[in-house]
Amino acid sequence: MTTKKHILLGISGGIAAYKSCELVRLLKKQGHEVSVAMSRAATEFVSPLTFQALSGHPVLADTHSGESGGNGMAHINLTRTADVFVIAPASANTLAKIAGGIADNLLTNLAAARKCPLAAAPAMNVEMWFNPANQRNIARLQADGISIFPPASGEQACGETGVGRMPEAAELADLIPDLWTPKILAGKKVLITTGATFEAIDPVRGITNISSGQMGTALARACRAAGAEVTLIYGQIQTALPPGMAENVHALSAQAMHEAVHHRIHTQDIFISVAAIADYKVRNSSTQKLKKSADSTPPVIELAENPDILASVAALPDAPFCIGFAAESHNVLEHARAKRLKKSIPMLVANEVSIAMGSSRNQVTIIDAYGDTPLPEMSKHDTAAAIVQHLSTLLHQA
Ligand code: CTP
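When we follow my numbering, the leftmost residue of the sequence shown carries the number 1096, and every step to the right adds one.
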């Protein structure tokens, strides 16, 4: 189940502090407790009262002290109850001081006195980001075990364009739980397909299905959180792409997905085929929009077989560890067991279409050479974490 944590959020001076208001809200929505500590400069961008209202806790600001515990040692007390300390936004100045071990204000004291892990989301002008001293500080912080959320690229508050923007609050809220997730897939490269394929009939019409892509994106997040480098190949999806992927590749038809997979598969350790791939494409698809015939004769759509991507990957001489999915409407386990054997794959996840497709919840049974492992009905997020746990166990047994 999703773990609830106490997150200490440090805010240093920068216009990106406004994004941290939303970050507090999203982390609280995930069920975490959030305490906020602000530098003096940060209080000039957003009022401590705003963070107090959002977090539900008094905010410790550099402008006054002694609010956390009666011993006047707020910088010690705050980090002792926190599971993780996240500084977002982290200014170049704050990062430089922490890299050098300087503790001359609230945030740098908290960083120096902490016992919990520290992560930082840098936010600064593009020239400041690439400044050699800043890059040296970032490398130093990473070598000291501090996690850095890479800044995004785009238009900056100063009017310039480039790398240095703090990631959006939704992205940080997505990535922060990775900090306490055990790295059971560390060093592994995982390729995942997700969503529905779309086989064109003409430029505006096609054959597709109701897969939303949620199970595949949940698995991409779970593999990323477990320390894997993840490539996500997606067809039609009705959900947001997860941040922190090595590569996101859009491939709409089964043929395009086949090419995208085979182009990348040779460097991968694990292949998870979650996509709902059309077994047939339209042989007589039209490059022009089909017109209704004058005598109302319906057009004839001819089908041709698509490649079976999973079976083709499993048959490679250097095949990665393959996981398939089986979405069935009836005789779920019987069909799923047969599919695993037919495609020669070590692990297959069976689910029933009426529960799984288009929903944020799922109830799956994992099938492997050792038998069937039914999981309870739960969110796709939790289902994905359980699948990754099972995968890691099988990899260790192999
Ligand atoms: N799959 C694939 N290529 C295809 C069809 C399916 O790689 N052309 C993969 C899916 O991503 C899934 C597994 O094979 O991991 C099973 O897909 P599913 O559609 O349930 O089964 P099919 O093999 O297509 O068999 P059927 O349609 O008869 O149920």
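For glycine and all other residues, C-beta sits at the position ideal for the given N, C-alpha and C.
- Excluding its 5 nearest sequence neighbours in each direction, VAL1299 has C-beta neighbours in its own chain below 8 Å: LYS1384, listed in chain order.
- The alpha-carbon separation between VAL1154 and THR1289 amounts to approximately 42 Å.
- In the three-state reduction of the DSSP assignment, ARG1432 falls in the helix class, which pools H, G and I.
- Ranked by how close their Cα comes to the Cα of LEU1213, the residues SER1242, VAL1141, ALA1335 have SER1242 in first place.
- Within the region 1202-1281, complete beta strand (DSSP E) segments of at least 3 residues are found at 1213-1217, 1247-1250, 1256-1260, given in chain order.
- Going by C-alpha positions, ILE1462 is about 42 Å away from LEU1104.
- Collapsing the DSSP output to three states places ALA1187 in a helix.
- Approximately 7 Å separates the beta-carbon atoms of GLY1108 and GLU1139; this is inside 8 Å, confirming the contact.
- Burial check for SER1142: the Cβ neighbour count within 10 Å stays below 16, so the residue is exposed.
- Leaving aside the five residues that flank LEU1405 on each side, the residues in its chain whose CB is nearer than 6 Å to its CB run, in chain order, SER1368, GLY1419, LYS1438.
- Residue pairing from DSSP places PHE1420 in a beta bridge opposite VAL1444.
- For ALA1323, the secondary structure class from DSSP, reduced to helix, strand or coil, is coil.
- By the criterion of a C-beta distance shorter than 6 Å, LEU1347 is surrounded in its chain by PHE1293, GLY1330, once the five residues flanking it on both sides are discounted.
- Between ALA1218 and PRO1245 the beta-carbon gap is near 12 Å, outside 8 Å, which marks them as no contact.
- At least one heavy atom of ligand 1 is found less than 8 Å from the C-beta of LEU1405.
- Counting C-beta atoms within 10 angstroms of its own C-beta, THR1256 has fewer than 16 neighbours from the protein chains shown and is therefore classed as exposed.
- A check of alpha carbon separations from LEU1314 across ALA1480, ALA1112, LYS1124 identifies ALA1480 as the nearest.
- Cα atoms of VAL1179 and GLU1400: separation of roughly 52 Å, rounded to the nearest angstrom.
- Here the region 1265-1283 makes contact with the region 1477-1493; the two share three or more CB pairs at distances below 8 Å.
- Here the distance from the Cβ of HIS1430 to the nearest heavy atom of ligand 1 is below 8 Å.
- When Cβ pairs closer than 8 Å are counted between the two stretches, the region 1186-1193 is seen to touch the region 1230-1238, the count reaching three or more.
- With respect to ASP1273, ALA1207 sits apart: the two C-beta atoms are not nearer than 9 Å.
- In this structure, the C-beta of ASP1374 approaches ligand 1 to less than 8 Å from one of its heavy atoms.
- Per the C-alpha coordinates, the member of LYS1475, ASP1477, THR1460 positioned closest to PRO1469 is THR1460.
- Nearest to ALA1132 by C-alpha distance, out of PRO1393, ALA1112, GLY1126, is ALA1112.
- With contacts defined by Cβ atoms closer than 9 Å, GLN1363 and VAL1483 do not form a contacting pair.
- In the DSSP assignment, SER1368 is bridged to THR1288, GLY1419.
- Secondary structure note for ASP1463: its beta strand (DSSP E) is the uninterrupted segment 1459-1463.
- Residue pairing for PHE1180: DSSP places it in a beta bridge opposite LEU1103, LEU1213.
- Nearest neighbour of HIS1491 by Cα position, chosen from PHE1416, ALA1421, GLU1447, turns out to be PHE1416.
- Taking non-hydrogen atoms of ligand 1 into account, the C-beta of THR1138 is found less than 8 Å away from none of them.
- At a threshold of 8 Å, ASN1426 does not count as near ligand 1, since its beta carbon sits no closer than that to any of the ligand's heavy atoms.
- The beta carbon of ASN1343 is closer than 6 Å to those of LEU1327, LEU1336 in its chain, skipping five residues each way along the sequence.
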